[in-house]
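Report on the following structure.
In the UniProt record's numbering, the protein residues as written are 1 to 139.
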């Protein structure tokens, strides 16, 4: 039985809420990732995904050089404990209709991110979702 800690992405990239969209997109491209954790000072402010940039910013014609990521992020973050099972993570994603969950330790310290793609690649590497996820940035 796989635990979330077995399938999660351990490298978490943090950006300030004041970061512009173009800078965030550049960081995501260079890091080959599909999400960043957004902070407001020392406080967790939310999660920014590549989909947020496209759906919330590009579709609304936001200026990427002046629009900050803090203005478009998903502020409601969902967390799961790293010792939870991969099945529990999948059930949480299904229940909340989300593709990514922040992973914390027993002290609620952020230790990673688990995505639907991470779960698919680990649990069913021959699935179409795993094939798609393998070729895409970390989901």
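Beta carbons are placed, not taken as given, at the ideal position from N, Cα and C, and that holds for glycine.
What whole-angstrom Cβ distance do residue i and residue j have, given they're in contact under 8 Å?
{"i": "residue 17", "j": "residue 45", "result": "5 Å"}
{"i": "residue 48", "j": "residue 32", "result": "No, residue 48 and residue 32 are not in contact; Cβ-Cβ is about 15 Å, not under 8 Å."}
{"i": "residue 1", "j": "residue 85", "result": "6 Å"}
{"i": "residue 82", "j": "residue 105", "result": "6 Å"}
{"i": "residue 4", "j": "residue 80", "result": "6 Å"}
Candidates the options: which alpha carbon is nearest residue i's?
{"i": "residue 62", "options": "106, 77, 21", "result": "21"}
{"i": "residue 99", "options": "3, 8, 1", "result": "8"}
{"i": "residue 78", "options": "103, 87, 59", "result": "103"}
{"i": "residue 113", "options": "10, 6, 3", "result": "10"}
{"i": "residue 42", "options": "56, 64, 14", "result": "14"}
{"i": "residue 39", "options": "19, 58, 51, 29", "result": "19"}
With C-beta atoms as the reference, is residue i less than 8 Å away from residue j?
{"i": "residue 110", "j": "residue 37", "result": "yes"}
{"i": "residue 119", "j": "residue 90", "result": "yes"}
Quick one: what's residue i bridged to in DSSP?
{"i": "residue 92", "result": "Paired residues: none, contrary to the question."}
{"i": "residue 46", "result": "38"}
{"i": "residue 112", "result": "103"}
How would you write the range of the alpha helix (DSSP H) that residue i sits in, first residue to last?
{"i": "residue 100", "result": "Not the alpha helix (DSSP H): residue 100 falls in the beta strand (DSSP E), residues 100–104."}
{"i": "residue 5", "result": "4–7"}
The beta strand (DSSP E) that contains residue i, what's its start and end?
{"i": "residue 164", "result": "Here the chain has residues from 1 to 139 only, and residue 164 is not among them."}
{"i": "residue 71", "result": "Segment: none, residue 71 is in no beta strand (DSSP E) and carries neither H nor E."}
{"i": "residue 60", "result": "No beta strand (DSSP E) contains residue 60, which DSSP labels as neither H nor E."}
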